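Q: Residue numbers (the working numbering): -9 to 266.
(1) For residue 62, which of helix, strand or coil comes out of DSSP?
(2) Tell me the residue span of the alpha helix (DSSP H) that contains residue 107.
(3) What are the partner residues of residue 312, as DSSP defines its beta bridges?
(4) Under 8 Å by Cβ, that's how I've got residue 95 and residue 129 pegged, so tell me the actual separation to the nearest angstrom.
(5) To the nearest angstrom, report how far apart residue 33 and residue 157 are at their CA atoms.
(6) Leaving aside the five residues before and after residue 213 along the sequence, list all residues of the same chain whose C-beta is less than 6 Å from its C-beta, in chain order.
(7) Since I believe residue 69 is in contact with residue 117 (beta carbons under 8 Å), could you give me their beta-carbon distance rounded to a whole number of angstroms?
(8) Taking 8 Å as the threshold (C-beta atoms), are residue 44 and residue 152 in contact?
(9) Just to confirm the assignment, what range does the beta strand (DSSP E) spanning residue 244 have?
(10) For a test of the three-state rule: what should DSSP assign to residue 230, helix, strand or coil?
(11) Whose CA, out of 218, 185, -9, lies closest to the CA of residue 237?
Below, the structure is given as structure tokens:
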């Protein structure tokens, strides 16, 4: 199943690439015995973190025992927050104080995650707000066992043509990369016509206009701030190219049906590229 991006500067990401997790193992018990210092704080190791995930573990399950010796629901309420290192403002990682309710003596864990953060280093803090009970009839011990820093591996690469392949893992793949081919075309290039005072589309397969594009490298891209389309040239200024000479050359190529089809996949010398 392919995903194709045509090189727009506002193109969406290519999905299905796994995020990178940097896990830090912790062993903090979240208790309510110290009301003067209820928060436990830990800092991420990386400084390009884009998402955070915490893992809370209930090693003895979560339950209370009634007078008949049967397991019944009981609850623990926890809260987690985060902030960028250097900031004074904490934001909720959990949706405020969250309550976990169960009647099980099987160990389990819960995770909470926040996404789409500015890439930075973060501090995370957690606390236990309340427990239904703490005597021998209750199993309400909760530990903060992991802090995960998340870096996204989805690709957008504005201005680059992208092809992503989603395929089932089979014996033929065997951990390797399959051979992938596709047909890639570009119909037009943008050429500045000083006589008309505007950019015009010219056929990309004409050697003259292809050479013009290699030198001038103009693209029409969307301004993500205004929503309008603008021309941006990354090569030599249009004023330094003699338009009529290229137009005459293009007419010569068209009369003799000369065409150009080539994809430059590596950086190289401009003059060497023009000689192709």
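Backbone N, C-alpha and C fix where the C-beta goes; we use that ideal spot for every residue, glycine too. Since the model is a prediction, treat every value here as computed from it, not as a measurement.
A: The structure says:
(1) strand
(2) Element bounds for residue 107: n/a, residue is neither H nor E.
(3) With the chain covering only -9 through 266, there is no way to say anything about residue 312.
(4) 7 Å
(5) 37 Å
(6) 220
(7) 6 Å
(8) no
(9) No beta strand (DSSP E) contains residue 244, which is instead part of the alpha helix (DSSP H) from 233 to 245.
(10) helix
(11) Between residue 237 and the set 218, 185, -9, the nearest pair of CA atoms involves 185.
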